[in-house]
Amino acid sequence: MSMKVAVVTGGASGLGLAIARALGQDAWSVALLDMNREALDVAVRALASEDIDVLAFPADVADPISVNEAIAGVIRNWGRIDSVFANAGISAGPGPGAGGLGFAEFEDANWDRVLAVNLSGVARTIRACVPHLEQAGGGSIVITSSSAAIRPTLWVGHAYTAAKAALIPLAKMLAVELAASGIRVNVIAPGAFVTDIGGGRLRDPQTAANMARTIPMQRLGAPSEVGELACFLASQDSRYISGAVISIDGALVAGEFDPPS
1 MSMKVAVVTG GASGLGLAIA RALGQDAWSV ALLDMNREAL DVAVRALASE
51 DIDVLAFPAD VADPISVNEA IAGVIRNWGR IDSVFANAGI SAGPGPGAGG
101 LGFAEFEDAN WDRVLAVNLS GVARTIRACV PHLEQAGGGS IVITSSSAAI
151 RPTLWVGHAY TAAKAALIPL AKMLAVELAA SGIRVNVIAP GAFVTDIGGG
201 RLRDPQTAAN MARTIPMQRL GAPSEVGELA CFLASQDSRY ISGAVISIDG
251 ALVAGEFDPP S
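If you want it as structure tokens, here you go:
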């Protein structure tokens, strides 16, 4: 079997780590990019203990030099890139419906930082990787957006929602532009998952239970389910899928839902 190399940003924890694990279990070599060096070390040790070919590349996707250096490191080690998961994201806190700041109170520094990571960071990650995908004869780009981009909610912060929403038309444009190079571009829009984003609010059992009641399937998602979807989108099984936005949210954004009393 020929080597397949995937780049996963925000790969040290949460959905990124779940994506990396699923890819590694499917015989991919995985480059983890994350700005949290300690979490990167922990993640690499965990994945390596599962016989996954994995390397860590400390990087802040808000910094173009950092991204370019990390991607250069991937090429030095493996010589190719076949799939990119632009997953890194941050939250500047909850929305006003969950005790966060109202829009008039939101500080410019927080707004700028969220967009620098969640929107510009995705763009520069893809820009750095596209030449290598082209050299590999094509490949897959998967962007992590959010259910909040499709169905905004006051639970989620303004900057986070705006940045995640902007990723969808960007992905569709890139899907058309890069199709001739054999590069597919798709979006995953996760709903509620227990991760550390937003301060790990959903790790609180009562908060998680309250959120689950608002979801038609009456439960939160498991990060491994995003990993399974990511593997599908990286594989040849999805070779004719590009420009798609795939919700993975228990039908959260599918339509109106009256939670059980």
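Counted the way full-length UniProt numbering counts, the sequence shown spans residues 1 to 261.
For glycine and all other residues, C-beta sits at the position ideal for the given N, C-alpha and C.
Per DSSP, G139 is one residue of the beta strand (DSSP E) stretching across G139 to T144. For I188, the enclosing beta strand (DSSP E) covers residues I183 to P190.
Listed in chain order, the non-local C-beta contacts of K164 below 7 Å within the same chain comprise N118, S145, S146, A148 and A149, local neighbours out to five positions each way being set aside. Sequence-distant Cβ neighbours of K4 in its own chain, meaning closer than 6 Å and more than five residues away, are W28 and D82. Of the other Cβ atoms in all chains shown, fewer than 16 fall within 10 Å of the Cβ of N77; this residue is therefore exposed. Here A166 has L119 as same chain residues with Cβ atoms under 7 Å from its own Cβ, once five neighbours each way along the sequence are excluded. In the DSSP annotation of this structure, the continuous segment of the alpha helix (DSSP H) that includes P131 starts and ends at G121 to Q135.
Among the bridge pairs identified by DSSP, T9 is matched with L33.
Assignment of P64 by DSSP, reduced to helix, strand and coil, places it in the helix class.
DSSP places A116 within a helical segment (H, G or I) once states are collapsed to three.
Here V156 carries a coil assignment [DSSP, helix/strand/coil]. Taking 7 Å as the cut-off, the beta carbon of I215 is found no closer than this to the beta carbon of A171.
For P205, the enclosing alpha helix (DSSP H) stretches over residues P205 to R213. V245 is not a Cβ neighbour of R151, given a cutoff of 7 Å. Residue environment: V176 is assigned as exposed (fewer than 16 neighbouring CB atoms within 10 Å of its CB, all protein chains considered). Residue pairing from DSSP places P58 in a beta bridge opposite D34. Two segments are said to touch when three or more pairs of C-beta atoms, one from each, lie closer than 8 Å; by this definition the region 95-111 does not touch the region 59-75. Here I65 is exposed. Its C-beta has fewer than 16 other C-beta atoms within 10 Å.
DSSP links A43 through a beta bridge to no other residue.
Under the three-state reduction of DSSP, V245 is assigned to strand. Cβ contact annotation for S140 (same chain, cutoff 7 Å, sequence separation greater than five): S83, R184, L233 and A234, in chain order.
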